[in-house]
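Before any comments, here is the structure.
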Amino acid sequence: VDRPDKQGRVQILQVHMKKAKLAADVDAEKVAALTPGFTGADLANLVNEATLLATRRRADVVTMDDFNNAVERIVAGLEKRNRLLNPREREIVAYHEMGHALVAMALPGVDPVHKVSIIPRGVGALGYTIQRPTED
29 VDRPDKQGRV
39 QILQVHMKKA
49 KLAADVDAEK
59 VAALTPGFTG
69 ADLANLVNEA
79 TLLATRRRAD
89 VVTMDDFNNA
99 VERIVAGLEK
109 RNRLLNPRER
119 EIVAYHEMGH
129 ALVAMALPGV
139 DPVHKVSIIP
149 RGVGALGYTI
159 QRPTED
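Mapped onto my numbering, the consecutive letters of the sequence shown carry residue numbers 29 to 164.
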């Protein structure tokens, strides 16, 4: 089974979003644009993750920020709060991630850079650069 295109992701998200109390700023189209390559199960997990994030901050509704943070958690992994970088390590990681971003910006036909971070996440990643396709 192929992964859903943007319109398919919108439809899947709408089914799962019915179970959550959403803020006015949440739009299935916007969330679908953040999730190229996600499967139906990934999208169900995303809605659950966003709802958990809202619950942890004791909010009554799930916001677009919750969805953005949930996408980042799914794509890049959990933030490693116990992994502190010293100033020299931070500088090296920043240069490294800047290199990824500059190469992506310089090459024609490459997905645009969405976010660059030097916050350690996942298994072993001290930073990351997220590129997001403009179309499916």
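By construction, the Cβ of each residue, glycine as well, lies at the ideal position given by its N, Cα and C atoms. Owing to the predicted nature of the structure, the values given are computational and were not obtained by experimental measurement.
By DSSP, does residue i sit in helix, in strand, or in coil?
i    : result
L50  : strand
V138 : coil
T83  : helix
K108 : coil
I146 : coil
V131 : helix
V90  : strand
Note down the Cα distance separating residue i from residue j, rounded to an integer number of angstroms.
i    : j    : result
Q42  : A56  : 6 Å
L74  : G65  : 13 Å
N76  : K46  : 12 Å
P136 : A104 : 25 Å
R192 : H124 : Nothing can be reported for residue 192: it is not among the residues displayed for the chain, which extend from 29 to 164.
A60  : G150 : 23 Å
A134 : R85  : 39 Å
Throw me the rounded Cβ distance for the residue i and residue j pair, which I believe falls under 8 Å.
i    : j    : result
D164 : D33  : 4 Å
T157 : A129 : 5 Å
V111 : P148 : Val is not the amino acid found at residue 111; the sequence shown has Arg there. Confirmed, Cβ separation roughly 4 Å.
In chain order, what residues of the same chain lie with their CB nearer than 8 Å to the CB of residue i, ignoring the 5 residues before and after it?
i    : result
Q159 : A132, V138, D139, P140, V141, H142
V121 : L113, I146, L154, G155
A126 : Inspection of the sequence shows that residue 126 is occupied by Met rather than by Ala. Closer than 8 Å at Cβ, skipping near neighbours: V144.
A51  : V89, V90, T91, M92
Excluding the five sequence neighbours on either side, which residues of its own chain have a C-beta within less than 7 Å of the C-beta of residue i, listed in chain order?
i    : result
A78  : V90, D94, F95, A98
L71  : R37, I40, L41, H44, T63
R118 : I146
P161 : P64, D139
Give me the residue from the options with the minimum Cα distance to residue i.
i    : options               : result
Q35  : K49, K58, V144        : K58
A48  : A87, G127, I102, N110 : A87
L106 : G68, T162, A52, L81   : L81
R109 : A60, G152, H124, E119 : G152
D53  : G127, P115, P161, M92 : M92
Which residues in the same chain have their Cβ closer than 6 Å to the Cβ of residue i, if we skip the five residues on either side of it in sequence?
i   : result
G68 : I40
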